[in-house]
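Here's the structure, in structure tokens; my notes come after.
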Amino acid sequence: MDSLLDVIRNRYSCRGYLDKPVEEEKIAYLKECMRMAPSAVNRQPWKFRIVRSQEGREKLQSCYSRSWFNEAPLYVLASVLHEQEWVRTDSKPHGNIDVAIAVEHLCLAATEQGLGSCWVCNFDAQRCHELFQMPDAEEPVVIIPIGYASSTEVPPKMRKVSQEVFFEE
Ligand SMILES: Cc1cc2nc3c(=O)[nH]c(=O)nc-3n(C[C@H](O)[C@H](O)[C@H](O)COP(=O)(O)O)c2cc1C
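Residue numbers (the numbering used here): 107 to 275.
Pasting the structure below:
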């Protein structure tokens, strides 16, 4: 079994997918990894739509038009439920943080299962909200396309060096 660091290093933004469905067992595994994520005050202020139907896929594809995005056999549309999120006394809401944690669980689990994934936030969120008939207090946060990558190459990681990001106090 790969170490967690291996999985983290092997996760990358996959922008090319094979026309091959994701197995049910793998989808169940990914869902459990999301469900187990921590959240502020354990509020779990999230909703995850597993989008596989042709109709659902077309709705999402109309919110983010990239040819590689259309190739994915399934998507997870993650949204925050603002009425359920924890808000700190200085008014900072934490729902987006909670959703991000669960979604990165998803991406790492996908990598571990041999699947590609990509964070997509640059989509038309207003259109998505309308098409999926979300209530006012629900906000779509991110779409994750998931599927078997069309390339086996993991691109090199471009990251700041340690001295730029870690500080001893
Ligand atoms: C919050 C967030 C939003 C992102 N939105 C998009 C997006 O809309 N489209 C896209 O192609 N990539 C998107 N990305 C992917 C980043 O560009 C990518 O993670 C970054 O360049 C590092 O590359 P890597 O994921 O391959 O390590 C997003 C990533 C994050 C974390």
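All C-beta atoms in this analysis are idealised placements derived from N, C-alpha and C, irrespective of residue type, glycine included.
Between residue 205 and residue 226, the C-beta spacing is not below 9 angstroms. Residue state for residue 267 is assigned as coil, using DSSP reduced to three classes.
Taking C-alpha positions only, residue 158 is separated from residue 183 by approximately 11 angstroms. About 5 angstroms separates the CB atoms of residue 132 and residue 219; that is less than 8 angstroms, so the two are in contact. With a cutoff of 9 angstroms on beta-carbon distance, residue 179 and residue 122 are scored as not near each other. In the DSSP assignment, residue 185 falls within the unbroken beta strand (DSSP E) covering 180-187. Per the DSSP secondary-structure output, residue 255 pairs in a beta bridge with 123. Take residue 260, set aside five residues on each side of it, and the residues of its chain with a beta-carbon closer than 6 angstroms to its own are 116, 118, in chain order. Taken in chain order, the complete beta strand (DSSP E) segments of 3 or more residues contained in the region 208-263 are 244-253. Distances from the CA of residue 208 to each of 127, 244, 136, 251 were compared; the closest alpha carbon is that of 136. Contact annotation: residue 143 and residue 192 have beta-carbon atoms that are not nearer than 9 angstroms.
The C-alpha of residue 247 is placed about 26 angstroms away from the C-alpha of residue 256.
In the structure shown, residue 273 adopts coil according to DSSP, grouped into three states.
No heavy atom of ligand 1 is found nearer than 8 angstroms to the CB of residue 181.
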